[in-house]
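Chains as they are written, first to last, in my numbering: chain A, 7 to 977; chain B, 807 to 1025.
Here's the structure we're looking at; comments come further down.
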Amino acid sequence: MQRWPVVLFLAWVCFLFFAGIGLFMSGFLLTRIELASSSSCSDPLVPPPWEGQSLPPGSCWAPQRFSKAVLVIIDALRFEFARFDPGKASPLPYENKLGVLHHLATSQPRHARLYRFRADPPTATMQRIKGLTTGSLPTFIDVGSNFASYAIQEDNLLAQLVQNGRRVVFMGDDTWEGLFPKKFFRSYFFPSFNVKDLHTVDDGILQHLYPTVDSGEWDMLIAHFLGVDHCGHKHGPDHPEMAKKLTQMNEMLRSLVDHLGNDTLLLVAGDHGMTETGDHGGDSEKEVNAALFVYSRTPLFGSGPPEEPETIPQVNLVPTVALLLGVPIPYSNIGEVMAELFSGDGDTVSAALQQLSVYHINAKQVDRFLHSYSLVAQDLPAEQLQHLQELFSSTVEEHTQLLAEVQGTTLVPPELESRLGSLIGRFQLYLREARAVCTQSWARFHPLRMVGGCILVAASCLLCYIASELATSSNSFYRSCLLYPLLWGLMGAALLGLAHIFTQEGLDLLLVSSWAAAASQIGFFWHWWVQHPKRARLVGSQPPLASSGLRQRLRAWLGLAFPMGILFFRCGAMFSDSFVVAEARVAPFLLASLVMLLVGKLHWDGHLTVPESPKQQLLGFSSYRKDIWYLLCLVAVLLVCVRLSGFFHQCREEIPQCRPSLFLSPLASLRNTRAKNLFYLLCVALLAGLVYAVRSWLRHYGNLNSSDPLVLFVRWGFPLVVLCIACYWAVASSTDDSLGKLQELVQVAVVAFPWAVYGLASVGLLLLLCNPMTVFAKDTRESAGSIVTPYLGVPSSEVDFLHVIPQIYKRMQESQKSRLERGSCRATVAAYGLGSVYSAALVIALTLLGFLLMLLHSERLSFAFLLLFLEAFVLLHIHTCARGLAGDAEPFSVPWYAVISWLLAASQFFYSTGHQPIFPAIHWNAAFVGFHLDHSTNLLPAVLVGANTFASHILFAGSWLPPAPALALCV
Amino acid sequence: MKEAEIRRLLAANLLCALSIVLTAVVPSFFLEGFTVLGTHLTWLCVCSVCVGTLNVILHLVLKPSQSPKRSSFAQKISRFLKCCVYFFMSCILFHAIIVLYGAPLIESVTETFLFAVLLSTFTTLQCLCILGPNIQAWIRVFSKNGAMSVWESSLQITTVCSILGAWFGAFPIPLDWDRPWQVWPISCSLGATFGYMAGLIIAPLWIHWNRKQLTYKSR
Chain A
7 MQRWPVVLFL AWVCFLFFAG IGLFMSGFLL TRIELASSSS CSDPLVPPPW
57 EGQSLPPGSC WAPQRFSKAV LVIIDALRFE FARFDPGKAS PLPYENKLGV
107 LHHLATSQPR HARLYRFRAD PPTATMQRIK GLTTGSLPTF IDVGSNFASY
157 AIQEDNLLAQ LVQNGRRVVF MGDDTWEGLF PKKFFRSYFF PSFNVKDLHT
207 VDDGILQHLY PTVDSGEWDM LIAHFLGVDH CGHKHGPDHP EMAKKLTQMN
257 EMLRSLVDHL GNDTLLLVAG DHGMTETGDH GGDSEKEVNA ALFVYSRTPL
307 FGSGPPEEPE TIPQVNLVPT VALLLGVPIP YSNIGEVMAE LFSGDGDTVS
357 AALQQLSVYH INAKQVDRFL HSYSLVAQDL PAEQLQHLQE LFSSTVEEHT
407 QLLAEVQGTT LVPPELESRL GSLIGRFQLY LREARAVCTQ SWARFHPLRM
457 VGGCILVAAS CLLCYIASEL ATSSNSFYRS CLLYPLLWGL MGAALLGLAH
507 IFTQEGLDLL LVSSWAAAAS QIGFFWHWWV QHPKRARLVG SQPPLASSGL
557 RQRLRAWLGL AFPMGILFFR CGAMFSDSFV VAEARVAPFL LASLVMLLVG
607 KLHWDGHLTV PESPKQQLLG FSSYRKDIWY LLCLVAVLLV CVRLSGFFHQ
657 CREEIPQCRP SLFLSPLASL RNTRAKNLFY LLCVALLAGL VYAVRSWLRH
707 YGNLNSSDPL VLFVRWGFPL VVLCIACYWA VASSTDDSLG KLQELVQVAV
757 VAFPWAVYGL ASVGLLLLLC NPMTVFAKDT RESAGSIVTP YLGVPSSEVD
807 FLHVIPQIYK RMQESQKSRL ERGSCRATVA AYGLGSVYSA ALVIALTLLG
857 FLLMLLHSER LSFAFLLLFL EAFVLLHIHT CARGLAGDAE PFSVPWYAVI
907 SWLLAASQFF YSTGHQPIFP AIHWNAAFVG FHLDHSTNLL PAVLVGANTF
957 ASHILFAGSW LPPAPALALC V
Chain B
807 MKEAEIRRLL AANLLCALSI VLTAVVPSFF LEGFTVLGTH LTWLCVCSVC
857 VGTLNVILHL VLKPSQSPKR SSFAQKISRF LKCCVYFFMS CILFHAIIVL
907 YGAPLIESVT ETFLFAVLLS TFTTLQCLCI LGPNIQAWIR VFSKNGAMSV
957 WESSLQITTV CSILGAWFGA FPIPLDWDRP WQVWPISCSL GATFGYMAGL
1007 IIAPLWIHWN RKQLTYKSR
């Protein structure tokens, strides 16, 4: 078979799949349209609230109440962390640690207040920063760009502050650098990506915080602490490290309050919460419940705090801060002002009037946004917009009326207060409804593109199936299946391109490529259909009986129907969200069913029983063959593997009662030292056992006899790799401060050991690529040496004497033999390890890959990898055994059930290595194996995290076809 | 001969199906608050016992497997004990397989075991009734062209149908419909029961339909 057409064909098939997936994604992951407009001070949005009263200088839209503000963002500050309950006898590590907030709130109830701060999902830090500054909702696609941090294009709080001449100083998380380039008056950025590093960011901020505050060269100071979040990722909330971290935050806040002036507003906010395992990103209750604390030295609130802290949405912070600082509200904000902060010192009526005026500004801004948004996009339903519009205009009208009445009279009538209250209620209603409408309609899809993508992918699958059937039967396969479709596709793309040129429209690359893919597919199917009758005629030159042909074809279809039916179940399950959620259990179930079905079918066809002798036939008895027990044992081992691998599951937030497996957390999070040591020893023993098993397997099949570099690597490199991994685990699982002075050494070791593993593994893979043969050939033709042994000096011991005679005898015998053989012109070449010539290379490659991937996972997941290798091995053996029993002769044709069981096993182990297809379940830690500080590019962490996520697919896909027949040969 | 046999089979199968329907209805007159879904474990017990007894009685009355020689009392006792052991072992085996297929290991052991008993009743008990404790005969019946009588064909169909029913019964469990029957093991046991009933009804019809093709080897 030629090489290039195969590669080209595979590339073409890949292109088809990518085009289909891309089309689907473009319909599924929609972005909200971002408006480019921004608010400005001179907007004729709001008339001065009272006639004859003008805004003080330096204020826009509303009078400025504070000239300065400090925003302290403590990443992942869950509400429970900030709450202080003095009655609690034995608080958890994260409880009752922020005592300063409680102290301020109780001693100065009109100055300080704690809120529940509800974040909108997705609860990833970048989305939350966007929400906290633009006052808008993030969309799905943003999650994917979390680590590329594109600059915010929309109008936002920082842009407004800068536009109005305020100095914004930032310190902390360097995500902000990408989001707000060149916005800061002064900034101190620290790397945020390494979640294992608890202290760099926080210590850096603390170093600069107080000098900056005291210098007074700022109007808005933002400090973003990351330690709490990283501690959650590394150790989880319920860990002594978290207590230390929160205590540090408490101290920081205590001294920060002392440094503040009278005209400064202090806001302490968490951008999101965290789950019990310290992760975030989803929409579960614990992730969205953050804390917000407001404090100022001048009285803020008209009354004391409510019993239970109020819950406010996160976007509400934006209009509140904007108006308090006297800058315009960002254009796309949909948040609602926190009116109680605007009540001031006066009596209730003037407080209510002041609140009404900020509500009015807020409502006008939201109405303007809704209006201009509905002009560019049709997302928002028209009747709801109409309803909102009516509500808005009636409320505003009543407001003006009321203001006129208040202006007219000097004495406030008593019924006015209730009217004021109801008006505030109506403004609130309007703002909340507007927000609800936006939230609902910003999660919408393009059904046409999604369906198109699905059809493309399905057609590609069908194409692959047909191609796999054709490849064996047809000679002109590549001309019909590759050349013509490619031409068709190119033609389609060219036509589309021309059409675009004529119509002067923008060229959408995705659309063009998907049309090209569709055209080439049509070309393929067309050529296949045209050739089909020809082949049928060729085959059916002697037409068999129609009925038997039908029956045979039916039987062939039925044989396919079982594995294909299970495949269809799996594909169909993708269209039901319940099954998508439960896929971690669906894949093993279907795998077990497929294997049981295989055994049942073998039995039904009578392959498992010995051929009946006439006597037995008479009695109607059958008995099993001997090797059936071997097959049954294999099936049992497989089922046990499948079941055990379920213990390494990760949870989705859709299933609240699910508890993630304990094995997923790294050893560093274990507090019990004995358990930690025990697990560590077990993991290392397991690695050693794996190496031992691989080496003894290779030795058994004679692949370790030669002295090739590869074989030497297997002998000595494998144990070295294991040693490095074991050392890395030991260093990584120790707690930070337990090592004391060795800290620097540990820093080096944490980087050095993974690099040693990377290096050794790549050396091994290179060797394998250069010379994958581990066959040792022993040529007997050259062994004919002289009969006389060379003189090696006086024999020194009795042993040498004893050896001389047999050696001479042996040589004589050999020379005689070779002389005889030379007579008949025959010489033997003995080859060791020829039977496993394919599989040995693959086993070596897979072991190396397995080591690499185990290094990227947390320590205890190596058990899951052991199960993976065992299950793959057992599956191959079942396949071989079944083929042997069924009496299939061709070792190089693979039946469909084997392919599908392999696929199911791959997706089963995707889940059993602690993964889920959701963002919070991605193991970001993998990006820092071997890298202590931040990455300079995004490519390397992407590769590492990708390898970690698709570990099971890499291992299973890498080991498919060749070993199956190879194992079949050796067993 | 064959027609009469098929008619007897149909009658016996209809009786079995009827008994299952009755187990869902009748106990509610005697037991306070009995429903199939609410008190599922009770129903599982009742159904297993009823179907089991009925099968044994039918076997004694109809004698589908004409044993060639009369056996002594001691042999009968040993056969009976063997049957009991086989039944118990099949319950354990079914339990293990169900757990390996993903049923909870520690929680709801009773439910899983009773489900295993129900499956054994639908499959193993029938085999024991018709074929006796004779593994080799079982192996023969469950392979292609292995059935030697109408009863054995029916056995094939009902067994496969019950197991398929139980398998399909697992499918609604992950769905988010929040129905009471989506709880483990209700959907599976209901699936097995419906499968068994479908098998009972299909078997005589199928045999009747294919009576030309089904030429049983005469012994």
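Built from N, CA and C at the ideal position, the CB exists for glycine as well.
Just so you know, these numbers come straight off a predicted model, no measurement behind them.
Residues that DSSP places opposite residue i in a beta bridge
{"i": "residue 178(A)", "result": "195(A), 230(A)"}
{"i": "residue 77(A)", "result": "228(A), 273(A)"}
{"i": "residue 118(A)", "result": "301(A)"}
{"i": "residue 318(A)", "result": "123(A)"}
{"i": "residue 84(A)", "result": "296(A)"}
Identity of the residue in the options nearest residue i by Cα
{"i": "residue 644(A)", "options": "609(A), 333(A), 344(A), 601(A)", "result": "601(A)"}
{"i": "residue 267(A)", "options": "562(A), 76(A), 466(A)", "result": "76(A)"}
{"i": "residue 577(A)", "options": "563(A), 565(A), 592(A)", "result": "592(A)"}
{"i": "residue 124(A)", "options": "140(A), 81(A), 276(A)", "result": "276(A)"}
{"i": "residue 614(A)", "options": "957(B), 909(B), 945(B)", "result": "945(B)"}
{"i": "residue 203(A)", "options": "945(A), 241(A), 106(A), 126(A)", "result": "241(A)"}
{"i": "residue 412(A)", "options": "360(A), 434(A), 456(A)", "result": "360(A)"}
{"i": "residue 247(A)", "options": "100(A), 686(A), 869(A)", "result": "100(A)"}
Collapsed DSSP secondary structure at residue i in the structure displayed
{"i": "residue 721(A)", "result": "helix"}
{"i": "residue 135(A)", "result": "helix"}
{"i": "residue 843(B)", "result": "coil"}
{"i": "residue 273(A)", "result": "strand"}
{"i": "residue 243(A)", "result": "coil"}
{"i": "residue 296(A)", "result": "strand"}
{"i": "residue 57(A)", "result": "Confidence is the limiting factor: at residue 57(A) the pLDDT is only 45, short of 50, which leaves the residue's position unreliable, though a coordinate-based value still follows. Residue state, collapsed to three classes: coil."}
{"i": "residue 123(A)", "result": "strand"}
{"i": "residue 875(A)", "result": "helix"}
{"i": "residue 759(A)", "result": "helix"}
{"i": "residue 777(A)", "result": "coil"}
{"i": "residue 524(A)", "result": "helix"}
CB contact flag (residue i, residue j, <8 Å)
{"i": "residue 854(A)", "j": "residue 953(A)", "result": "no"}
{"i": "residue 875(A)", "j": "residue 856(A)", "result": "yes"}
{"i": "residue 229(A)", "j": "residue 252(A)", "result": "no"}
{"i": "residue 850(B)", "j": "residue 928(B)", "result": "no"}
{"i": "residue 939(B)", "j": "residue 888(B)", "result": "yes"}
{"i": "residue 225(A)", "j": "residue 303(A)", "result": "no"}
Contact with chain A by residue i, beta-carbon distance below 8 Å
{"i": "residue 893(B)", "result": "no"}
{"i": "residue 950(B)", "result": "yes"}
{"i": "residue 910(B)", "result": "no"}
{"i": "residue 998(B)", "result": "no"}
{"i": "residue 973(B)", "result": "yes"}
{"i": "residue 1004(B)", "result": "no"}
{"i": "residue 953(B)", "result": "no"}
{"i": "residue 922(B)", "result": "no"}
{"i": "residue 815(B)", "result": "no"}
Neighbour flag for residue i against chain E, beta carbons, 8 Å
{"i": "residue 289(A)", "result": "In the displayed structure, chain E is absent; the protein chains listed are A and B."}
is_contact[residue i, chain B] using C-beta, thresh 8 Å
{"i": "residue 652(A)", "result": "yes"}
{"i": "residue 919(A)", "result": "no"}
{"i": "residue 626(A)", "result": "Its pLDDT being 48, under 50, residue 626(A) is placed unreliably in this model, and the value from its coordinates should be taken loosely. Residue 626(A) counts as touching chain B."}
{"i": "residue 358(A)", "result": "no"}
{"i": "residue 563(A)", "result": "no"}
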